[in-house]
Ligand code: ADP
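Numbering (the working numbering), first residue to last: 11 to 685.
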């Protein structure tokens with residue numbers, strides 16, 4: 011702090027005193043700042059000093075030497091009388107402020123009356139430094155001369171003055187200091203107040219019987235009051251939801267506060283409108299010296315933690331939900347830590363394996379595996395794939411508590427945190443006994459089906475093949491009978507023979523068709539790349555008679571070359587084209603054969619403008635013997651489309667129809683580009 015002399019004493023008054031002092035005593039006086047050297051008051055300066063000694067560098071050096079000698083002593087608070095090297099007397103009296111030397115009263119220069127003036131010394135000085143002797147000696151004459159007694163009394167007076175000035179300076183300085191401290195404290199206080207008022211956290215001071223003496227805006231916001239003023243004087247109860255809660259709260263926490271402890275709790279406070287608000291409260295007695303007396307007040311920091319509580323609640327609910335789901339699962343779920351220690355199992359685990367959760371925690375999960383060594387080896391493989399998030403699935407034989415061994419399917423996955431650190435392993439175990447049984451059953455059925463199918467194929471082939479022979483004989487003899495004995499028979503007889511011939515012919519067609527269907531099933535495919543365009547042209551050629559009869563128009567799109575069994579694909583086109591012409595009564599009948607490239611396959615279409623087929627028959631027509639017409643309406647065996655489907659499927663494609671009655675039909679089938 012600044013202890014500058016001029017700020018601590020009244021300089022104007024000092025100047026007056028110094029003048030009066032000089033007038034009364036005749037001794038030259040100067041008051042000089044001890045730090046800056048500034049002269050606050052000065053009177054009676056001697057020409058011998060100002061015009062001679064302080065003008066020449068060598069005599070000036072002596073003056074400075076004197077000044078320094080005086081200053082050195084005076085700093086310690088001592089008064090010093092000193093005869094300078096230029097032969098004149100000087101006295102310095104220190105003015106102190108709180109033990110610090112702040113200024114000096116200088117008396118002098120003067121000469122003692124009983125001191126013989128050494129004129130020779132001065133004359134030598136004049137000669138040495140080039141002073142005008144007369145002028146120099148004249149200036150020496152003017153230096154005041156005092157008796158020792160006079161100097162003694164002047165000194166007494168000035169010592170008293172210095173003491174007075176010291177006291178004044180010290181008092182003033184202390185006052186200033188105190189004032190400054192108070193100011194500082196005041197500004198600190200205002201700063202604290204403003205911090206309190208504008209804090210982002212709710213603050214309140216409860217005093218005595220816990221009335222709210224001070225609260226800030228944030229607290230008002232939390233509790234639903236307009237401003238802190240509205241809360242002033244609120245009773246303790248106003249902050250609690252119910253009397254019971256208050257009593258419980260008060261009892262529990264009052265003691266801790268009186269022990270000077272910092273209290274940290276979560277509690278539901280009451281808003282102005284009576285609704286609750288979850289807050290975190292931390293409180294401490296303001297009087298830390300004597301906390302048992304809460305009269306100085308308790309400072310509470312209040313934070314609205316509604317959101318946190320909500321999040322906690324949501325978390326709790328979702329945890330509960332997860333737990334319920336966990337236990338509702340039919341699959342056994344085992345959760346292990348990264349060291350493969352069991353940390354959680356669900357109810358299904360206990361149901362499936364027959365062990366209680368406690369038993370499982372106590373024993374190793376090894377008891378659940380038939381071949382634990384093998385299981386560990388999987389576990390190790392899984393560990394290697396820990397970096398991958400995808401779960402690993404495998405089947406495994408497990409053992410129940412009662413020793414029963416049963417098949418299971420494991421889905422094992424890693425739990426990781428956001429940083430990818432492994433948290434544990436979740437193993438989901440399904441009892442697949444039923445599935446395994448069903449699979450075995452299915453396998454058995456399939457092989458049986460295959461066997462009977464083969465037998466059936468065999469039978470169909472043998473039957474149709476072996477039937478052909480006798481049938482050919484019957485038909486042949488019937489025709490002989492018809493040609494040779496027709497004239498011997500009456501009309502009825504001729505009619506019977508005619509019908510028998512027709513029936514035999516129809517049976518022959520049926521057998522031929524059945525035979526070709528059975529061949530498609532049994533003969534191995536002979537695949538070679540063929541130009542489908544060429545195949546269709548041949549088919550059209552072979553149907554020329556019917557085409558002309560129907561006066562039909564046949565058009566083709568571009569056709570690819572594909573690896574196919576040429577005989578089968580021929581009969582595929584033949585059957586479809588034949589149907590397009592047969593089931594077509596249109597005077598301007600047409601058939602359009604096209605092909606579309608579709609990535610891995612070609613899609614062929616055979617579109618006609620014939621009678622069409624209702625939706626409900628779109629599937630059925632592809633089955634054997636399924637016909638939609640009588641033999642009288644349209645001849646046929648009901649084998650054609652079944653044959654087509656078989657051919658397409660053996661080539662790895664699909665066949666279907668799009669049609670509506672009266673709007674023609676489009677048959678589609680696909681053939682893969684590669685076998
Ligand atoms: P079939 O022609 O010998 O009766 P298919 O298996 O070839 O036997 O055909 C089954 C049935 O599908 C036919 O009876 C006919 O009713 C219907 N059908 C097949 N092709 C067409 C077509 N292009 N237009 C209308 N109906 C058709």
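In this text, a Cβ means the ideal position worked out from N, Cα and C, and glycines have one as well. Bear in mind the structure is a predicted one, so any value in this text is a computation, not a measurement.
Which runs of the alpha helix (DSSP H) fall wholly inside the stretch 110 to 159 and span at least 4 residues, in chain order? The stretch 110 to 159 contains these whole alpha helix (DSSP H) runs: 129 to 139 and 143 to 152.
C-beta contact flag for residue 249 and residue 296 at 8 Å: Going by beta carbons, residue 249 and residue 296 fall outside the 8 Å limit.
Report yes if the C-beta of residue 636 is less than 7 Å from at least one heavy atom of the ligand ADP; otherwise report no. Yes; taking the cut-off as 7 Å, the Cβ of residue 636 has a heavy atom of the ligand ADP nearer than that.
If you compare alpha carbons, which of 75, 105, 92 and 74 is closest to residue 86? When only C-alpha atoms are compared, the closest one is 105.
Cα-Cα separation, residue 135 to residue 129: The straight-line gap from Cα to Cα measures roughly 10 Å.
Alpha carbon to alpha carbon, how far is residue 683 from residue 536? Give it in angstroms, no decimals. Computed Cα separation, rounded: 16 Å.
Near the ligand ADP: residue 649 beta-carbon under 7 Å from a heavy atom: Yes; taking the cut-off as 7 Å, the Cβ of residue 649 has a heavy atom of the ligand ADP nearer than that.
Within 7 Å: the Cβ of residue 622 and any heavy atom of the ligand ADP? Here the distance from the Cβ of residue 622 to the nearest heavy atom of the ligand ADP is below 7 Å.
For residue 599, which three-state DSSP category applies? Residue state, collapsed to three classes: coil.
Extent of the continuous alpha helix (DSSP H) run through residue 67: Annotation for residue 67: the continuous alpha helix (DSSP H) segment containing it runs 67 to 84.
Name, in chain order, the residues that DSSP records as bridge partners for residue 421. Beta-bridge partners assigned by DSSP to residue 421: 403 and 438.
On the three-pair Cβ rule with 8 Å, is the stretch 285 to 294 touching the stretch 309 to 325? Verdict: yes, contact present.
Any chance the CB of residue 600 is under 7 Å from a heavy atom of the ligand ADP? Residue side-chain check: residue 600 keeps its Cβ at 7 Å or more from all non-hydrogen atoms of the ligand ADP.
Please determine if the stretch 516 to 531 and the stretch 463 to 479 are in contact, where contact requires at least 3 C-beta pairs separated by less than 8 Å. In short, these stretches touch, since the Cβ pair count reaches three.
Can you have a look at residue 146 and say buried or exposed, based on whether 16 or more other CB atoms are within 10 angstroms of its CB? Buried is the call here.
In this structure, what does DSSP give as the bridge partners for residue 288? Paired residue(s): 278.
May I have a chain-ordered list of the alpha helix (DSSP H) segments no shorter than 4 residues that lie completely inside the stretch 197 to 241? Within the stretch 197 to 241, the alpha helix (DSSP H) runs of at least 4 residues that lie entirely inside it are, in chain order, 227 to 233 and 238 to 241.
Taking 7 Å as the line, does the beta carbon of residue 448 fall inside it for any heavy atom of the ligand ADP? For the ligand ADP, not one heavy atom lies less than 7 Å from the Cβ of residue 448.
Given the structure, does residue 513 come close to the ligand ADP, in the sense that its CB is under 7 Å from one of the ligand's heavy atoms? Flag unset: Cβ of residue 513 not near the ligand ADP.
Just verifying my parser: in three-state terms, what is the DSSP assignment at residue 468? The answer is helix: DSSP assigns residue 468 an H, G or I state.
Can you tell me where the beta strand (DSSP E) holding residue 652 begins and where it ends? Unbroken run through residue 652 is the alpha helix (DSSP H), 650 to 660; no beta strand (DSSP E).
Let me know the secondary structure DSSP gives residue 630 once reduced to three states. In the three-state DSSP reduction, residue 630 falls in the helix class (H, G or I).
When every heavy atom of the ligand ADP is checked, does at least one fall within less than 7 Å of the C-beta of residue 543? Result no, Cβ not under 7 Å from the ligand ADP.
For the stretch 534 to 553 against the stretch 561 to 574, do three or more pairs of beta-carbon atoms, one drawn from each stretch, fall closer than 8 Å, so that the two count as touching? For the pair of segments examined, the stretch 534 to 553 was found to touch the stretch 561 to 574: the number of CB pairs separated by less than 8 Å reaches three.
Residue 309 and residue 213: beta carbons closer than 8 Å? Their beta carbons are under 8 Å apart, which means residue 309 touches residue 213 by this criterion.
Contact belief for residue 15 with residue 170 at Cβ below 8 Å, rounded distance in angstroms: Between residue 170 and residue 15 the Cβ distance is about 18 Å, and since that is not below 8 Å, they are no contact.
According to DSSP, is residue 322 part of a helix, a strand, or is it coil? Helix at residue 322.
Taking the continuous beta strand (DSSP E) assigned at residue 345, which residues delimit it? Here the beta strand (DSSP E) through residue 345 covers 342 to 346.
Leaving out the 5 sequence neighbours to the left and right, which residues in its chain are closer than 8 Å to residue 595 when beta-carbon positions are compared? Short of 8 Å from the beta carbon of residue 595, and not among the five residues preceding or following it, lie these beta carbons of its own chain, in chain order: 620 and 621.
Identify whether residue 9 lies in helix, strand or coil by the three-state DSSP scheme. The first residue shown for the chain is 11 and the last is 685, placing residue 9 beyond what the model contains.
In the DSSP output, what is residue 540 paired with across the bridge? Paired residue(s): 572.
Whole-angstrom Cβ separation of residue 112 and residue 103, contact assumed at under 8 Å? Actually they do not touch by this definition, with Cβ atoms about 13 Å apart.
If you compare alpha carbons, which of 570, 327 and 538 is closest to residue 603? Comparing Cα-Cα distances from residue 603 to each of 570, 327 and 538, the minimum goes to 570.
Same chain only: Cβ atoms within 7 Å of residue 440, ignoring 5 sequence neighbours per side: Closer than 7 Å at the Cβ level, and outside the excluded window around residue 440, lie 341, 418 and 419.
With a cut-off of 8 Å, do at least 3 Cβ pairs link the stretch 231 to 239 to the stretch 262 to 275? As far as the Cβ criterion goes, the stretch 231 to 239 does not touch the stretch 262 to 275, which means the pair count is below three.
For residue 409, does the three-state DSSP call read helix, strand or coil? Residue 409 sits in a strand when the DSSP states are folded into three classes.
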